[in-house]
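Student: Just dropping this structure here.
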Amino acid sequence: MKTIAISAALAGALTLGGFSAAQAWEPTKPVEFVVTSGAGGGTDNFARLVQSIITKHKLMEQPIVVVNKGGGSGAEGYVYGKGAKGDPTHLIFGTNNAYLLPYVAKLGYKFTDLTPVAAMALDEFLLWVKGDAPYADAKAYIEAVKAKPMGFKMGGSQSKDTDQTLTSMIQDATGAKWIYVPFQGGSAAAVQLAGGHIDSNTNNPNENIGQWKAGQVKPLCVFAPEHLAKGDPIHDGKGWGDIPTCKSAGIPIESFRMPRTVWMPADVPADAVTYYANVLEKVSQTPEWKEFIKRTAQTGKFMKGKEFTDFVAKDDAANKKVFEEEGWVVK
Amino acid sequence: MITRFWAEIGTAILTLVFGLVIVKGSLEFGIGWDSSGPQPGAFPFYVGALVAAASLGTLALTLGKQLAGSPVLAESFIDAERGRRVLAFLLPLAAFVVLSVTLGMYVATILYLVFAMRFQGGYGWLASLATAFLTVAFLYLSLEKFFQIGLLKGPLEPLLGL
Amino acid sequence: MDNIANLMHGFEVALTAHHIMLMIAGVLLGVLVGVLPGLGAPNGVSLLLPLTFSMDPVSAIILLASLYWGALFGGSTTSILFNIPGEPSSVATTFDGHPMAKQGRATEALSFAFLSAGFGALCGVILITLLSGWVASFALRFSSPEYFAVYFMTFASFIGLGGASPLKTIVSMGIGFALATVGMDSVSGNVRLTFEFDVLLAGVSFLIAVIGLFGIGELLLTMEEGLKFEGVAAKVRIGDVLRTAAKMPRYWLALLRSSLIGIWMGITPGGPTAASFMSYAMAKRSSRNPAKFGKGEPEGVIAPETADHAAGSSAMLPMLALGIPGSATAAVMMGGLMIWGLNPGPTLFTDRPDFVWGLIASMYLGNIVAVVIVLATVPLFASILRIPFSIIGPLIVVICFIGAFTAANREFDIWLALIFGLVGYVFKKLDYPIAPLVLAMVIGDKAEDAFRQSMIFSQGSLSIFWSNALVGTLMAIGLVLLFMPVIGAGIRRLRGLGQARTV
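This is how it looks when you write it as structure tokens:
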């Protein structure tokens with residue numbers, strides 16, 4: 006079964022790229038995985054898992070070296086990627102920060118210094134409140150916040166990053182207004198919510214699951230176009246699939262998701278991009294990858310080629326609009 | 268011979284410049300206090316200003332002591348003899364850094380160790396070469412092979428197929 | 021006592037031949053990464069992480085945790101022998117450990133370090149065993165103001181400690197604070213003080229500063245003096261290890277106090293590095309002859325080592341029970357937990373008792389294994405000092421710079437290490453204290469973040485630092501620590517005046 010799926014995918018990819026199997030490009034040197042987060046970060050887990058799957062299933066001949074370049078919330082890794090211009094042995098792992106960071110900070114790279122390879126999953130965002138909060142649904146919470154502008158605290162990761170962008174979108178869409186408190190990361194925001202120091206956060210499923218299990222926090226809605234995949238019940242008989250979408254719960258935001266992306270430096274051969282996209286596609290079909298996606302309640306969606314660049318263009322535009330409204334864009 | 272007075276003055280001027288550079292860099296971000304507390308530049312601004320002020324204080328104090336004829340300041344900071352010893356160590360060390368970024372860390376390690384042992388330590392060629400190559404082999408096996416951490420490489424490694 | 025029953029069950033899980041082998045392997049690898057400066061425990065753990073994806077979670081965490089213990093021990097070794105802290109948390113061990121080694125007491129210093137470290141770690145684990153539930157709910161009460169208060173306490177205890185000129189102390193600490201602000205500012209999302217140099221995006225690494233200021237700076241000083249290490253002639257005997265062990269009970273007060281400080285800093289997010297600094301400061305302050313500190317006082321080795329390891333092991337509790345990593349290494353392990361399909365959080369203890377109690381049991385065993393292994397290596401390490409300096413000096417140079425590079429795979433860092441080396445040399449000769457610079461670099465940016473987050477919470481009002489009993493108490497303790505030297509000096513002066521009059 007698996008081999009059929011793989012060869013089908015391979016055939017699809019080859020027709021897309023328009024190369025015959027005889028010309029297939031392959032790396033001749035060890036391949037470097039550049040991780041745009043520190044050790045232990047979400048992107049780090051993503052890259053190291055991909056590395057272990059490739060090694061286990063022998064999807065690549067050459068060994069893989071993982072390097073963390075998480076400085077400047079990932080900018081360091083992209084700048085490093087820019088420096089490897091034309092070198093087809095560097096893969097850069099990140100999120101949508103690849104194209105969003107240059108808007109909000111003066112950095113030594115532009116999005117055009119990167120070649121898109123693929124996106125492997127979409128991480129979801131949910132609206133969470135404390136477990137014993139008196140709000141039955143998102144609507145009730147939003148109404149409470151609207152009644153008391155700047156009286157509620159929304160926590161999340163660092164400023165001008167995904168969590169604050171989403172908060173800003175919710176504010177625009179509903180007219181509510183929060184005090185936004187930036188923490189070092191999602192796990193800190195999760196604990197702060199559990200301790201009752203903030204009123205809500207917009208964490209990814211993986212960041213809050215421990216607290217949800219214990220009933221310290223509860224999800225109100227998910228910023229996805231449809232319900233999440235049904236999984237095991239987590240707390241009080243409810244699981245990821247039971248959470249209403251935010252749109253249906255009264256927050257008119259269709260979707261807000263963070264892609265897990267892979268890039269290459271600029272000016273690399275097109276064959277090389279195709280080669281890595283195919284390897285990554287094979288990774289996305291392994292049981293280990295599917296297990297990881299399920300455990301972290303992300304949405305498994307492999308995108309490459311035009312599908313990926315279209316997604317990037319759309320996501321870029323949506324975020325840029327918020328950045329401009331908030332005045333975050335640097336000159 | 269450099270006296271301690273000049274060393275104190277020189278260092279204080281350098282830390283003064285450092286403080287001013289930090290002050291200048293932080294002005295870009297606003298140094299005031301708005302509704303959500305200090306602005307991003309405030310903390311580095313005051314830290315930089317403090318460093319600059321303390322450096323000025325050190326300068327004034329040192330000058331004052333010098334005018335009062337403090338014996339400590341007239342002492343030598345470094346004399347020719349000691350300077351030579353420090354330079355004999357520092358120059359090869361700096362050369363090692365330069366070689367590391369040009370020829371790669373493995374080659375630099377071999378050249379540096381052989382130079383230091385053979386020409387400064389007075390060991391024989393055999394002992395020097397053996398130490399250098401054993402060190403490099405250990406680093407290569409433990410870092411490159413076991414932990415999969417690549418060191419800086421130069422033009423030589425690809426020729427050897429490493 | 022449910023916990024004791026659980027722990028016994030944990031021992032059943034952990035005490036298999038396979039797991040003991042993993043512990044030994046982990047400790048040995050840990051000592052190796054700990055000894056190489058730059059390549060610390062967080063690197064070691066993240067490098068082994070992919071290897072563990074195919075292991076069962078209990079075995080995996082035992083391997084990684086043992087590597088962590090090993091690295092903590094290894095880091096102290098180079099601190100004592102060469103004044104190069106292999107781990108950030110062993111910086112404070114250099115203050116008295118290295119002078120001891122220079123006096124030919126390397127064996128004694130190493131044995132003190134390892135034994136007190138083992139004691140501290142065991143205290144930390146005992147706390148986890150007995151009070152896990154209570155600590156987890158206590159830690160939930162911590163928010164940004166409380167974090168700031170903890171950092172403030174650490175600073176307050178350390179400031180005014182040395183005899184250096186106040187102006188020079190301010191310069192040194194200010195440089196540390198300024199360097200800590202370079203790079204991304206997470207509160208505002210701005211990149212600060214990089215002056216548009218891309219190499220500064222990631223900030224100035226604390227590890228690099230330490231390698232330069234301590235390691236290379238010390239080498240330059242040694243060369244200038246034309247000295248060989250005086251430890252050359254010292255004999256290394258296994259009996260010395262035992263004799264040192266026999267002296268340990270004498271330091272029971274320091275051990276106990278340092279364990280408490282370590283545990284406190286491990287469960288509040290001060291972390292092992294801050295713990296070791298604070299513990300050193302408290303030891304010096306409460307000592308009858310503080311003048312001996314910095315010149316080879318055993319208590320100056322015992323205090324930071326005990327606190328470092330107590331903090332390292334008790335930091336596992338907030339990691340497991342809350343999902344707050346108490347140290348850089350814990351952050352990497354938490355990533356591992358998620359990939360293994362375990363979700364850190366309050367229910368982990370009840371959902372996966374096998375895993376949690378297996379890990380806790382392995383912390384007892386792993387630390388005992390680690391102490392035995394590292395004590396056995398003492399003669400080996402101590403005898404390194406007998407190698408002539410003309411060989412070991414250049415080797416240390418190589419290891420320092422390779423360490424500087426491997427810390428983050430950045431070429432720029434080797435240049436930076438060289439600059440820090442020169443700064444360390446000049447500062448030491450001109451009596452600028454280096455410890456405040458290092459401490460400011462470690463917790464400066466965290467303290468700044470916590471302060472500004474608090475200000476966002478309170479919308480600009482400082483009264484938040486007295487807004488509840490917890491933060492108020494912490495701030496009050498901090499203020500007392502800050503002004504104690506001044507008050508103490510005042511009292512002494514008054515007493516001195518009184519005596520002068522009676523005479």
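Residue numbers (the numbering used here), protein chains in the order written: chain E, 6 to 336; chain Y, 268 to 429; chain X, 21 to 523.
Beta carbons: idealized from backbone N, C-alpha and C, even for Gly.
Mind checking who Met204/X pairs with in its DSSP beta bridge?
Tutor: Val211/X
Student: Asp218/X versus chain E: which residues are under 7 Å apart at the beta carbon?
Tutor: Simply Val84, Gly113.
Student: Round the Cβ separation of Thr114/X and Val55/X to the nearest angstrom and send it over; I've been treating them as touching at under 8 Å.
Tutor: Contact annotation, Thr114/X with Val55/X: C-beta distance approximately 14 Å; criterion of less than 8 Å not satisfied.
Student: Give the residues of chain Y in contact with Val70/E, contact being defined as C-beta atoms less than 8 Å apart.
Tutor: Gln415, Ile416, Gly417
Student: If distances are taken between C-alpha atoms only, which option among Phe440/X, Phe139/X, Ile407/X comes closest to Trp89/X?
Tutor: The alpha carbon of Trp89/X has as its nearest neighbour, out of Phe440/X, Phe139/X, Ile407/X, the alpha carbon of Phe139/X.
Student: Taking buried to mean at least 16 other C-beta atoms within 10 Å of its own C-beta, is Ser278/X buried or exposed?
Tutor: buried
Student: Quick one: Cα of Gly480/X to Cα of Phe175/X, how far?
Tutor: 23 Å
Student: Determine the DSSP secondary structure at Trp476/Y, reduced to helix, strand or coil.
Tutor: The shown model of chain Y, from 268 to 429, leaves out residue 476/Y, and the question about it has no answer.
Student: Using Cβ-Cβ distances below 8 Å, what residues of the segment 200 to 214 of chain X are close to chain Y?
Tutor: Thr201, Asp205, Val207, Ser208, Asn210, Arg212, Leu213
Student: In the DSSP assignment, find the unbroken beta strand (DSSP E) run with Arg265/E in it and report its ends.
Tutor: 262 to 270
Student: Output the distance between the C-alpha atoms of Asp128/E and Ala279/Y, rounded to the nearest integer angstrom.
Tutor: 52 Å
Student: If you draw a straight line from the C-alpha of Leu101/X to the C-alpha of Ser302/Y, how long is it?
Tutor: About 51 Å.
Student: Exposed or buried, Phe447/X, counting other C-beta atoms within 10 Å across all chains shown (16 or more means buried)?
Tutor: Under this definition Phe447/X is a buried residue.
Student: Is the Cβ-Cβ distance between Lys466/X and Tyr171/X less than 8 Å?
Tutor: yes
Student: Thr33/E to Thr291/E, Cα distance in whole Å?
Tutor: 25 Å
Student: Nearest to Pro105/X by CA position, among Ser177/X, Ala169/X, Tyr384/X, Thr293/X, is which residue?
Tutor: Thr293/X
Student: What is the C-beta distance between Ala254/E and Lys90/E, in whole angstroms, given that I count them as a contact (C-beta under 8 Å)?
Tutor: Between Lys90/E and Ala254/E the Cβ distance is about 46 Å, and since that is not below 8 Å, they are no contact.
Student: At a CB-CB cut-off below 8 Å, which residues of chain X make contact with Ile214/E?
Tutor: Asn363, Gly365
Student: Using the DSSP secondary-structure output, state which residues sit across from Pro187/E in a beta bridge.
Tutor: Gly161/E
Student: In angstroms with no decimal places, state the Cα-to-Cα distance between Glu250/X and Ile359/X.
Tutor: Only weak support exists for where Glu250/X lies, its pLDDT of 48 falling under 50; the value from the coordinates is given anyway. Whole-angstrom Cα-Cα distance: 50 Å.
Student: With DSSP run on the structure shown, which of helix, strand or coil describes Asn283/E?
Tutor: helix
Student: Would you verify that the beta carbon of Thr325/Y is, or is not, closer than 8 Å to some beta carbon of chain A?
Tutor: This model lacks chain A altogether, as its protein chains are E, Y and X.
Student: Do Val273/E and Leu285/E have their C-beta atoms within less than 8 Å of each other?
Tutor: In this structure, Val273/E lies away from Leu285/E, with their beta-carbon atoms at least 8 Å apart.
Student: Residues of chain X with a CB under 9 Å from the CB of Lys61/E: which are they?
Tutor: Phe73, Ser74
Student: Between which two residues does the alpha helix (DSSP H) containing Pro77/X stretch?
Tutor: Counting along the chain, the alpha helix (DSSP H) containing Pro77/X begins and ends at 77 to 102.
Student: So for Ile69/E, helix, strand or coil by DSSP?
Tutor: strand
Student: Looking at C-alpha atoms only, which residue of Val71/E, Gly47/E, Val222/E, Val196/E is the closest neighbour of Leu71/X?
Tutor: Distance check between Leu71/X and each of Val71/E, Gly47/E, Val222/E, Val196/E places Val71/E closest, using alpha-carbon atoms only.
Student: What are the boundary residues of the alpha helix (DSSP H) that Cys143/X is part of?
Tutor: 126 to 159
Student: Tell me which residues share the same chain as Ile298/E and place their Cβ nearer than 8 Å to its Cβ, disregarding the 5 neighbours each side in the sequence.
Tutor: Ala126, Thr304, Gly305
Student: Count the other C-beta atoms from every protein chain shown that fall within 10 angstroms of the C-beta of His38/X, then say buried if there are 16 or more, exposed otherwise.
Tutor: His38/X should be labelled exposed.
Student: Taking its Cβ as the centre, do 16 or more other Cβ atoms sit within 10 Å of Gln221/E, making it buried, or is it exposed?
Tutor: buried
Student: In the structure shown, what three-state DSSP assignment does Gly75/E receive?
Tutor: coil
Student: Throw me the rounded Cβ distance for the Thr264/X and Ser131/X pair, which I believe falls under 8 Å.
Tutor: 4 Å
Student: Just to confirm before moving on: does the CB-CB distance between Ala229/E and Asn208/E stay below 8 Å?
Tutor: no
Student: Using 8 Å for Cβ pairs, my map puts Ile82/X next to Ser382/X. What's the rounded Cβ distance?
Tutor: 4 Å
Student: Could you give the first and the last residue of the continuous alpha helix (DSSP H) run that contains Thr376/Y?
Tutor: 372 to 381
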